[in-house]
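In my numbering, the protein residues as written are 206 to 597. Read the structure below first, then the notes.
Listed below in C-alpha cells is the structure:
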C-alpha cells in the first residue's frame with residue numbers, strides 16, 4: 206500500500222497557511238463591509254439631491270457636492286467584492302448603475318481618436334459663457350488688462366454670442382463697443398445699480414446678431430438679479446438666450462483654502478469653523494432652489510428654441526442643475542465634451558458649475574470647448590451649435 210503521509214503533511218501545511226490568510230481576508234472583508242455600507246448610504250443620499258428641494262431638506266445637497274468622490278468610492282467597493290466573489294458586488298453594481306447618469310455629467314469617456322483640438326467652423330454659431338469676476342485686476346498682465354485679455358479670447362475664437370456674469374464697467378456705447386467690435390449688439394443688466402451708468406456687477410449678453418428683445422427675471426425678496434434672457438435674431442430664426450448667475454455659495458477665499466488644505470481634519474476650533482461653512486452652504490442652497498425654479502418656468506414659456514448659459518454655483522448632482530435642465534434641454538458637455546473638466550479654479554478644479562445647455566428641438570450641438578485660462582476664478586466654456594433649418 207502506498208504511503209500518502211507526505212502529501213497529507215503538505216496538505217495540512219497548506220491549510221495552515223490558508224487559515225492565516227483567511228483570517229486576514231475575513232478582517233478585510235469586515236472592514237470593507239462597513240465601508241461599503243457607509244458609502245452606499247451616502248451615495249444614495251447624494252443621488253437624491255437632484256430631486257429634493259433644499260428648501261424642504263438641505264442635507265442631501267451637501268452630499269451631492271461630493272457625489273464624484275462617493276461614486277468613485279462605490280466603484281472601489283464594487284471591485285473589491287467582485288474580486289472576493291461575493292454577491293454584495295451585485296447590489297453595489299446596481300446602485301452604481303442608478304448613479305451612472307449623474308456621473309456622466311462629470312466625466313465623459315473619450316472613445317474616439319483625436320488629432321489636436323478641432324476648432325469650430327465659421328458656419329457654426331459659437332456661444333461662450335464666462336464669469337469674469339468683475340475683470341479683477343489680479344488676473345491682468347503687464348501688457349494687458351483683464352478686460353482686454355477676455356475680449357481677445359472671445360475675438361480670437363470667433364465667438365458669436367458671449368454671456369458674461371459678474372460683468373463690471375460702464376454701460377455706455379463708447380466703453381463697450383471697442384472691446385468687442387465683432388459683437389455690436391449687447392444688453393447689460395446690473396445686479397444692482399448705484400447710478401444710471403455705472404454697473405458694479407451684472408449680467409451681459411453680447412451678440413454678432415441683432416438682439417430683438419430682452420427681459421430680466423424679477424429678483425425674489427432681497428436677492429440680487431440672477432437671470433436675464435435676450436432674443437437673438439439669426440437669419441430667419443430667433444433664439445432665446447438665457448444668461449444666469451445663481452446665488453453664491455458665500456464661501457470666501459479663506460474658507461476655500463481651509464477645506465482644500467484639509468486643515469479641518471486637525472485644526473483647532475474646527476467644529477465651529479466647519480459649522481459656519483455648512484451654514485453658508487445650506488443658506489445658499491436654499492436660495493438657489495427658487496431661482497432655478499423661476500428660470501425653469503421662464504424656459505417653459507419661451508416660444509423660441511433656447512440656449513441657457515451661466516454660472517449656476519452648483520454641480521450636476523444638484524437640484525438647481527436638474528431643475529433648470531429639465532427634460533427640454535441637453536448639456537453640451539455631455540453631448541460633445543470629454544474627460545473630467547472643472548470650471549472653477551478651486552477645490553482641485555473638480556467642480557463643473559458653469560454650463561451651456563441647449564434645446565433638444567431646433568438646435569444641434571456640434572462641439573464643446575473648455576478653455577484652460579486664468580483670467581478669473583472661473584474658466585470659460587464654449588459650445589458650437591447649429592440651428593436646424595436656420596437661414597443664418
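Ideal placement from N, C-alpha and C gives every residue a C-beta, glycine not left out. For clarity, every value in this text was computed on a predicted model and none was experimentally measured.
Distance between beta carbons of residue j and residue i, contact taken as under 8 Å
i, j, result
"residue 365", "residue 330", "5 Å"
"residue 439", "residue 455", "At roughly 38 Å, the Cβ-Cβ gap does not stay under 8 Å, so residue 439 and residue 455 are not in contact."
"residue 368", "residue 446", "7 Å"
"residue 448", "residue 433", "5 Å"
"residue 540", "residue 574", "That pair is no contact at about 13 Å."
"residue 186", "residue 293", "Summary: the structure shown does not reach residue 186, with the chain confined to residues 206 through 597, and so no result is reported for it."
"residue 263", "residue 527", "With 8 Å as the limit, residue 263 and residue 527 do not qualify as a contact, their Cβ atoms being about 16 Å apart."
"residue 231", "residue 307", "Contact doesn't hold; Cβ gap of about 35 Å is too wide."
Residue i, buried or exposed, once every other Cβ within 10 Å from all chains shown has been counted against 16
i, result
"residue 320", "Only weak support is given to the placement of residue 320: the predicted model assigns it a pLDDT of 48, under 50, and the value that follows is read from those uncertain coordinates. Residue 320 is exposed by the Cβ-count criterion."
"residue 444", "buried"
"residue 371", "buried"
"residue 299", "exposed"
"residue 399", "The predicted position of residue 399 is uncertain, since its pLDDT is 49 and thus under 50; a value taken from the coordinates is nonetheless stated next. Exposed."
"residue 156", "Lying before the first or after the last residue shown, residue 156 is absent from the chain, which here runs from 206 to 597."
"residue 581", "buried"
"residue 557", "buried"
"residue 295", "exposed"
"residue 511", "buried"
"residue 593", "exposed"
"residue 354", "buried"
"residue 425", "exposed"
"residue 243", "exposed"
"residue 542", "buried"
"residue 281", "exposed"
"residue 221", "In this predicted model, residue 221 has a pLDDT of only 47, less than 50, meaning its place in the structure is not dependable; the value taken from the coordinates is given anyway. Answer is exposed; the Cβ neighbour count stays below 16."
"residue 437", "buried"
"residue 288", "exposed"
Three-state secondary structure (DSSP) of residue i
i, result
"residue 526", "helix"
"residue 581", "coil"
"residue 273", "helix"
"residue 443", "strand"
"residue 395", "strand"
"residue 256", "coil"
"residue 309", "helix"
"residue 490", "helix"
"residue 243", "helix"
"residue 364", "coil"
"residue 355", "helix"
"residue 453", "coil"
"residue 448", "strand"
"residue 250", "helix"
"residue 495", "helix"
"residue 571", "strand"
"residue 438", "strand"
"residue 291", "coil"
"residue 416", "strand"
"residue 562", "strand"
"residue 349", "coil"
"residue 370", "strand"
"residue 411", "strand"
"residue 588", "strand"
"residue 480", "helix"
"residue 545", "strand"
"residue 424", "coil"
"residue 507", "coil"
"residue 550", "coil"
"residue 535", "strand"
"residue 304", "coil"
Distance CB(residue i)-CB(residue j) smaller than 8 Å
i, j, result
"residue 259", "residue 251", "no"
"residue 286", "residue 297", "yes"
"residue 305", "residue 279", "no"
"residue 248", "residue 276", "yes"
"residue 499", "residue 524", "no"
"residue 385", "residue 411", "yes"
"residue 351", "residue 359", "no"
"residue 544", "residue 554", "no"
"residue 520", "residue 309", "no"
"residue 607", "residue 435", "The requested residue 607 is not part of the displayed model; the chain covers only 206 to 597."
"residue 578", "residue 332", "no"
"residue 406", "residue 395", "yes"
"residue 272", "residue 522", "yes"
"residue 450", "residue 408", "yes"
"residue 533", "residue 565", "yes"
"residue 313", "residue 576", "no"
"residue 172", "residue 535", "Residue coverage of the chain in this structure runs from 206 to 597, which leaves residue 172 outside it and unanswerable."
Test: residue i CB closer than 8 Å to a CB of chain C
i, result
"residue 429", "No chain C appears in the structure shown, which is made up of a single protein chain."
| said: Within 8 Å, do at least three Cβ pairs link the region 579–596 to the region 551–566? | reply: Contact holds: three or more Cβ-Cβ distances are below 8 Å.
| Given 8 Å, three or more beta-carbon pairs between the region 508–515 and the region 485–495 | Cβ pair count under 8 Å is below three, so no.
| said: Between the region 228–239 and the region 500–513, can you find at least three pairs of beta-carbon atoms closer than 8 Å? | reply: Output reads no: the region 228–239 does not touch the region 500–513.
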